[in-house]
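Written below as structure tokens is the structure these notes are about.
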């Protein structure tokens, strides 16, 4: 029941980033991980040709998707592929989504999550203005999938600020939640630790918070502090900056005990559309 969270300092060179990611995934597999989470923008940071990258991948002409599938097969490893730009299925010329793929150990894509909340904010850093919606289309679906380490909900970075999404994932049966991220140094220092622990505590899920941690083209500096948080909000592993492979085991018995002793799902009084009410109120 082991899993891994990876921290990178991705640059603009896609092939160099893939080589770095391969080395880190090899370390994860050697450490016994059955599933590993790569950070947001693992294959490229600071690129302005997002549309071209996404179109090439959708047409089968890019390096990222073949690399992901081959790496998963070679390492017999399930991979949450951080994010990569991908247009909607069968629409290679449409605007790309910031897409997080779940790849199984046979190299098959078993789930796709398109980032729901796009980072359109102003930050007091060297870059100042971030507008993800200039490059990406908004996603529309909540995604949960079964994996060897448990039922996994998929999220990305800025999603962490929207707890209603995490409530939906818990209602859909999530036991672990991936959050590949590239938090800015400013917003990360202010909010990262609080957000990842809060999302784990309120959902009683393991939070797998992969991260970018360093200086990138753009200019851009990311906060790092990739972490694994358990369902009680404890930090099982964390790394401040630079590349890292963090490993932990899921204790399903302890998780079930936490949920039984504090059955927050049954105590909820407010429900978004689609959320599952307790049986006593249906």
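In the UniProt record's numbering, the protein residues as written are 1 to 282.
Every residue, glycine too, gets a C-beta built ideally from N, C-alpha and C.
Since the structure is predicted, the reported quantities are computational estimates derived from the model, not experimental observations.
Residue environment, residue i, which counts as buried when at least 16 other CB atoms sit within 10 Å
{"i": "residue 106", "result": "exposed"}
{"i": "residue 59", "result": "exposed"}
{"i": "residue 91", "result": "exposed"}
{"i": "residue 169", "result": "buried"}
{"i": "residue 87", "result": "buried"}
{"i": "residue 156", "result": "buried"}
{"i": "residue 42", "result": "buried"}
{"i": "residue 15", "result": "exposed"}
{"i": "residue 203", "result": "buried"}
{"i": "residue 119", "result": "buried"}
{"i": "residue 122", "result": "exposed"}
{"i": "residue 97", "result": "buried"}
{"i": "residue 221", "result": "buried"}
{"i": "residue 188", "result": "buried"}
{"i": "residue 252", "result": "exposed"}
{"i": "residue 230", "result": "buried"}
{"i": "residue 329", "result": "This structure cannot speak to residue 329, because the chain is shown only from 1 to 282."}
{"i": "residue 243", "result": "buried"}
{"i": "residue 174", "result": "buried"}
{"i": "residue 128", "result": "exposed"}
Expected contact under 8 Å - CB spacing of residue i and residue j to nearest Å
{"i": "residue 35", "j": "residue 81", "result": "Not confirmed; about 12 Å, so no contact."}
{"i": "residue 12", "j": "residue 46", "result": "5 Å"}
{"i": "residue 223", "j": "residue 184", "result": "7 Å"}
{"i": "residue 56", "j": "residue 10", "result": "In fact, because the Cβ distance is near 18 Å, the residues do not count as touching under 8 Å."}
{"i": "residue 1", "j": "residue 250", "result": "4 Å"}
{"i": "residue 27", "j": "residue 245", "result": "4 Å"}
{"i": "residue 40", "j": "residue 83", "result": "5 Å"}
{"i": "residue 228", "j": "residue 248", "result": "4 Å"}
{"i": "residue 110", "j": "residue 137", "result": "22 Å between Cβ atoms; not a contact."}
{"i": "residue 194", "j": "residue 124", "result": "Not a contact, Cβ separation roughly 18 Å."}
{"i": "residue 67", "j": "residue 18", "result": "5 Å"}
{"i": "residue 102", "j": "residue 65", "result": "13 Å between Cβ atoms; not a contact."}
Residues that DSSP places opposite residue i in a beta bridge
{"i": "residue 61", "result": "None, per the DSSP bridge assignment."}
{"i": "residue 8", "result": "212"}
{"i": "residue 182", "result": "For residue 182, which the question treats as bridged, DSSP gives no partner whatsoever."}
{"i": "residue 235", "result": "229"}
{"i": "residue 78", "result": "35"}
{"i": "residue 201", "result": "BP columns for residue 201 are empty, so no partner."}
{"i": "residue 144", "result": "153"}
{"i": "residue 3", "result": "35, 248"}
{"i": "residue 100", "result": "113"}
{"i": "residue 122", "result": "129"}
{"i": "residue 207", "result": "177, 229"}
{"i": "residue 137", "result": "97"}
{"i": "residue 253", "result": "Beta-bridge pairing links residue 253 to no other residue."}
{"i": "residue 86", "result": "97"}
{"i": "residue 40", "result": "Beta-bridge pairing links residue 40 to no other residue."}
{"i": "residue 220", "result": "216"}
Own chain, CB closer than 7 Å to residue i, minus 5 neighbours either side, in chain order
{"i": "residue 278", "result": "With a pLDDT of 43 at residue 278, under the threshold of 50, the modelled position of that residue is not reliable, and the figure given next carries that caveat. Counting only Cβ-Cβ distances below 7 Å, and skipping sequence neighbours, we find 266."}
{"i": "residue 30", "result": "none"}
{"i": "residue 192", "result": "183, 223, 225"}
{"i": "residue 280", "result": "Confidence at residue 280 is low in this model, with a pLDDT of 39, below 50, so its placement is unreliable and no value can be given for it."}
{"i": "residue 259", "result": "204"}
Cut-off 6 Å between Cβ atoms - residues of its own chain near residue i, not counting five sequence neighbours on either side
{"i": "residue 3", "result": "33, 35, 149"}
{"i": "residue 147", "result": "35, 78"}
{"i": "residue 126", "result": "219"}
{"i": "residue 276", "result": "Only weak support exists for where residue 276 lies, its pLDDT of 49 falling under 50; the value from the coordinates is given anyway. So the list reads 171, once near-sequence residues are dropped."}
{"i": "residue 240", "result": "224, 225"}
{"i": "residue 217", "result": "12, 46"}
{"i": "residue 215", "result": "221"}
Cutoff 8 Å: residue i Cβ touching any chain B Cβ
{"i": "residue 118", "result": "Of the protein chains in the structure, only one exists, and it is not chain B."}
Residues near residue i by beta carbon distance below 8 Å, same chain, minus five either side
{"i": "residue 130", "result": "119, 120, 121, 122, 123, 184"}
{"i": "residue 22", "result": "67, 71"}
{"i": "residue 51", "result": "85, 95, 96, 135"}
{"i": "residue 76", "result": "29, 105"}
Please confirm if the segment 70-86 is in contact with the segment 103-121, defined as three or more CB-CB distances below 8 Å between the two stretches.
-> yes
Does the count of Cβ pairs from the segment 206-218 and the segment 162-179 closer than 8 Å reach three?
-> yes
Answer yes if the segment 113-121 comes into contact with the segment 131-143, meaning at least three C-beta pairs across the two stretches below 8 Å, and no otherwise.
-> yes
Looking at C-beta atoms only, is the number of pairs between the segment 152-169 and the segment 191-200 that lie closer than 8 Å three or more?
-> yes
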